[in-house]
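Novice: So that we are looking at the same thing, I have put the structure below in structure tokens.
Protein chains in written order, with my numbering: chain A, 1 to 112; chain B, 1001 to 1112.
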């Protein structure tokens, strides 16, 4: 099992802002996923990987591809109180799901 | 409501590593908290703040203080597959709880 967290790097977000957005995505993914998937993922120690894309379009295309492959994809829109405009797409969670299925969608994306 | 996520800065973790550790802390806090607290926090849009301390001792003292004040404090020990030694304390989640109660423990800590 694996949870992929994919962050836009073109917004100039600082490391604290990135961490908050990624945490938001991870929490949302856990709340929206099936209990069995969450339990299996937690049982393996919550494996996660943090990856990057360079544009919002790339992020949304990735989420569409994940959903087309039957994966849960949670796109986070920032409230915009700090650093970015309200509603800005900042990151996306894919999974938690079988690692192979997540890897098929995120293959080639570099680590953040 | 607020969830505070407090990160050690003395380990030299990169931004992706920090994001993964903070996400781990946030997910663990949500899973271990009372449903009513989680629901109230989610209903307000998952407010969170990412703060920093400079040593592991400071992080553990903060967690002890939070627990003494009746707050949930989840200390994350890294699996140590990358960047830090296995078992290293990397970050801590405090809450989600009433903002005033969280602020009382984390007052004075700088943003990450």
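Just so it is clear, CB atoms sit at the ideal spot from N, CA and C, and this is done for glycine as well.
Bear in mind the structure is a predicted one, so any value in this text is a computation, not a measurement.
1) Would you list, in chain order, the members of the segment 8-25 of chain A that have their beta-carbon closer than 7 Å to a beta-carbon of chain B?
2) Does the Cβ-Cβ distance between residue 27 of chain A and residue 96 of chain A come in under 8 Å?
3) Taking a contact to mean a Cβ-Cβ separation below 8 Å, would you say residue 1073 of chain B touches residue 1063 of chain B in this structure?
4) Strictly below 8 Å CB to CB, what residues from chain A border residue 1048 of chain B?
5) From residue 1010 of chain B to residue 1078 of chain B, what does the alpha carbon distance come to, in whole angstroms?
6) Note down, in chain order, all residues in the segment 1071-1084 of chain B with a beta-carbon under 7 Å from any beta-carbon belonging to chain A.
7) Consult DSSP for residue 104 of chain A and reduce its assignment to one of helix, strand or coil.
8) Could you tell me the boundaries of the alpha helix (DSSP H) in which residue 1008 of chain B lies?
9) Less than 8 Å between C-beta atoms, sequence neighbours within five positions excluded: which residues of the same chain meet that for residue 1106 of chain B?
10) Which chain B residues sit within Cβ distance under 7 Å of residue 45 of chain A?
11) How far does the alpha helix (DSSP H) with residue 90 of chain A in it reach, from first residue to last?
12) Drop a sphere of 10 angstroms on the beta-carbon of residue 1068 of chain B, count the other beta-carbons inside from all chains shown, and report buried for 16 or more, exposed for fewer.
13) Find the nearest neighbour of residue 1021 of chain B within the set B:1035, B:1075, B:1099, B:1108, judged by alpha-carbon distance.
14) Evaluate residue 36 of chain A with the Cβ neighbour count: other Cβ atoms within 10 Å of its Cβ, from every protein chain shown; 16 or more gives buried, anything less gives exposed.
15) What three-state label does DSSP hand residue 74 of chain A in the structure shown?
16) Taking 8 Å as the CB-CB limit, is residue 1062 of chain B close to chain A?
Specialist: Let's see:
1) 15, 16, 18, 19, 20, 22, 23, 24
2) no
3) yes
4) 20, 23, 24
5) 14 Å
6) 1079
7) helix
8) From DSSP, residue 1008 of chain B is part of no alpha helix (DSSP H) but of the beta strand (DSSP E) over 1002-1008.
9) 1004, 1006, 1049, 1051, 1062, 1094
10) 1079
11) Run containing residue 90 of chain A: none in the alpha helix (DSSP H); it sits in the beta strand (DSSP E), 89-97.
12) exposed
13) B:1075
14) exposed
15) strand
16) no
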